[in-house]
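**Student:**
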Amino acid sequence: MIRLQFLIPTLDRSGAEKQLALLACGLPRAEFDVRVCCLTRGGPYLATLEKAGVPVTVLGKRFKFDP
């Protein structure tokens, strides 16, 4: 099994976020263990990913130099 962790700033409705959601939801679960990590906040694609069974972690980073 191949483990993948996608890292993205947000899950807002934009091009990169849409492609990530399509890819993460479309990969075969028997071959890939897919996870998504958002740096700042979730968005419309959060529900899509969770509905497909993809674990999503939202870090909640607030500022550029937020510890």
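Under the numbering used here, the letters of the sequence shown match residues 477 to 543, in that order.
Even for Gly, the Cβ is constructed at its ideal location relative to N, Cα and C.
The structure displayed is predicted, hence computed values, not measured ones.
#1: For a test of the three-state rule: what should DSSP assign to Pro485, helix, strand or coil?
#2: From what residue to what residue does the beta strand (DSSP E) around Leu515 run?
#3: Measuring straight from C-alpha to C-alpha, what distance separates Cys501 and Phe541?
#4: On the criterion of 16 or more Cβ atoms from any shown chain inside 10 Å, does Glu493 qualify as buried, or is it exposed?
#5: Please report the straight-line C-alpha distance between Ala506 and Met477, rounded to a whole angstrom.
**Tutor:** To lay it out plainly:
#1: Translated into the one-based positions of the sequence shown, residue 485 becomes position 9. Strand at Pro485.
#2: In the sequence shown, the residue the question calls residue 515 occupies position 39. Segment 508 to 517, the beta strand (DSSP E) holding Leu515.
#3: Counted from its first residue, the sequence shown places residue 501 at position 25. Counted from its first residue, the sequence shown places residue 541 at position 65. Each residue's alpha carbon lies about 32 Å from the other.
#4: Stepping through the sequence shown from its first residue, residue 493 is reached at position 17. Under this definition Glu493 is a buried residue.
#5: Sequence index remark: in the sequence shown, residue 506 carries index 30 (1-based). Sequence index remark: in the sequence shown, residue 477 carries index 1 (1-based). Taking the straight line from one Cα to the other gives about 7 Å.
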